[in-house]
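Undergrad:
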Ligand code: PMP
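In UniProt numbering, the protein residues as written are 35 to 461.
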């Protein structure tokens, strides 16, 4: 036995001591932040427990609050039709799809949902995954490989970055929503790539601005790449009927190669989708690891998403109300002198306040005023650009929006006046 002999001839292996998790830099960072917030007497604003389904309002610690921290864009999370359809589906199919659809088989709702999404977009086909995050990871890593190039907006979501990394493709980024910079990258990339993919978001999750689709399509015609649009925050939001970025610009949805979105926001469920050509869907269903080797979407979640799409199509006034609320929020915030950055006043309106500590303190102050809104701090955004991020819903009332903007401006002014003198403390 040759293996056994060569192993016997090896010198004894040095004893290897694996590090404790407590020794990891990430753990030390968490503990340092905890220590700093305790020293400064600032409560942790994250992981606040809610005692109800959160939408335009929520209940925390037994207090009813105005809520801007849930993605219930069209107020469908508790809608009677959505809940009823979910209940019926549980009655028939139970909770789980039990295994990959490849082996455990389809449930009628899988096909129904995929057909509905394709029809909603006006494209040929769609494929669903068990989360929005997984959709980006699975789709990008399936389509792209080491011989390929992915160019993306510098602000794309972490899930798309994870997909690119997994794909092994070369990665380049361009300045946020700057198609001149994208063209510069396209002109200057050296190398003979097999495929090129450009990834943008319909509405950017941290800033609330809209991708410049017409300019992207012009570049696509010239330079020949696959265009992928993540519509997590624009499906149900942009366009008169909420059809998203293509409707917003009056563009044929076939012009975009890969429409991607999540079921967790507008459609108040959980899961994600890719929509596009029949060939694209066939490739993903056959070879995306996150589809083939992962459980199928829970039928109940698929049913809730279908019911949500029904309502979205039947009641375009919800999209109109969301848009009215977004514009009102943006207008009032600007009038109050708040820095709303690039936001177009749709589903996401940030209020940029500077360092992380100020954002955390402002969130806590507003909580005591009866408003739940979360800070976004480094590393999710660059240091110095910490913000409160307001998710608008169609259910917010004008009174709630006015009160929130007024109190945010007041609290922020008080913070400025108090001046912590703690620049550089990063929590
Ligand atoms: N893409 C974008 C732009 C997102 O903002 C998010 C989540 N906020 C996702 C993908 C992932 O979606 P999900 O949370 O449904 O997994």
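By construction, the Cβ of each residue, glycine as well, lies at the ideal position given by its N, Cα and C atoms.
Only a predicted model underlies this, so the values are computations on that prediction, with no experimental measurement involved.
The alpha helix (DSSP H) with residue 176 in it runs from where to where?
TA: It spans 166-177 - the alpha helix (DSSP H) in which residue 176 sits, taken as one unbroken run.
Undergrad: Using C-beta distances below 6 Å, list every residue in its chain close to residue 251, excluding the 5 sequence neighbours before and after it, in chain order.
TA: Excluding residues within five positions, the ones whose Cβ falls inside 6 Å are 289.
Undergrad: Contact between the segment 351-360 and the segment 398-417 is defined here as three or more beta-carbon pairs at a separation below 8 Å; is this criterion met?
TA: Segments in contact, no.
Undergrad: Among 87, 412 and 93, whose alpha-carbon lies nearest the alpha-carbon of residue 388?
TA: Taking only the C-alpha atoms, the option nearest residue 388 is 412.
Undergrad: Can you say whether residue 321 is buried or exposed, counting buried as having 16 or more other CB atoms within 10 angstroms of its CB?
TA: With fewer than 16 other Cβ atoms within 10 Å, it is exposed.
Undergrad: Does the contact criterion of 3 or more C-beta pairs under 8 Å hold for the segment 388-400 versus the segment 66-79?
TA: The segment 388-400, when compared against the segment 66-79, does touch it at the 8 Å Cβ threshold.
Undergrad: Could you tell me the boundaries of the beta strand (DSSP E) in which residue 163 lies?
TA: Segment 159-163, the beta strand (DSSP E) holding residue 163.
Undergrad: Closest to residue 384 by CA distance: which of 51, 400 and 407 is it?
TA: Ranking the options by Cα distance to residue 384, first place goes to 407.
Undergrad: By the three-class DSSP mapping on this structure, what secondary structure does residue 188 have?
TA: Correct three-state label for residue 188: coil.
Undergrad: Return the chain-ordered list of same chain residues with a C-beta closer than 8 Å to the C-beta of residue 112, the five sequence neighbours on each side being excluded.
TA: For residue 112, where only same-chain residues beyond five positions count, the Cβ hits under 8 Å are 87 and 89.
Undergrad: Could you spell out where the beta strand (DSSP E) holding residue 295 opens and where it closes?
TA: Unbroken beta strand (DSSP E) run through residue 295: 292-296.
Undergrad: Given residue 157, which residues of its chain have a CB within under 6 Å of its CB, disregarding the five upstream and five downstream residues?
TA: So the list reads 287, 309 and 310, once near-sequence residues are dropped.
Undergrad: Using DSSP with H/G/I as helix, E/B as strand and the rest coil, what is residue 204?
TA: It is a strand residue.
Undergrad: Taking the straight line between their C-alpha atoms, what separation do you get for residue 468 and residue 45?
TA: Given a span of 35 to 461 for the chain in the structure shown, any question on residue 468 remains unanswerable.
Undergrad: Under the three-state reduction of DSSP, which class applies to residue 419: helix, strand or coil?
TA: It is coil, neither helix nor strand.
Undergrad: Residue 273 to residue 57, Cα distance in whole Å?
TA: So the two alpha carbons sit approximately 50 Å from each other.
Undergrad: Please state whether the Cβ-Cβ distance between residue 423 and residue 145 is less than 8 Å.
TA: No, these two residues do not count as a Cβ contact at 8 Å.
Undergrad: Around the Cβ of residue 164, are there at least 16 other Cβ atoms within 10 angstroms (buried) or fewer (exposed)?
TA: It counts as buried.
Undergrad: Mapping DSSP to helix, strand and coil, what is residue 248?
TA: Residue 248: helix per DSSP, three-state reduction.
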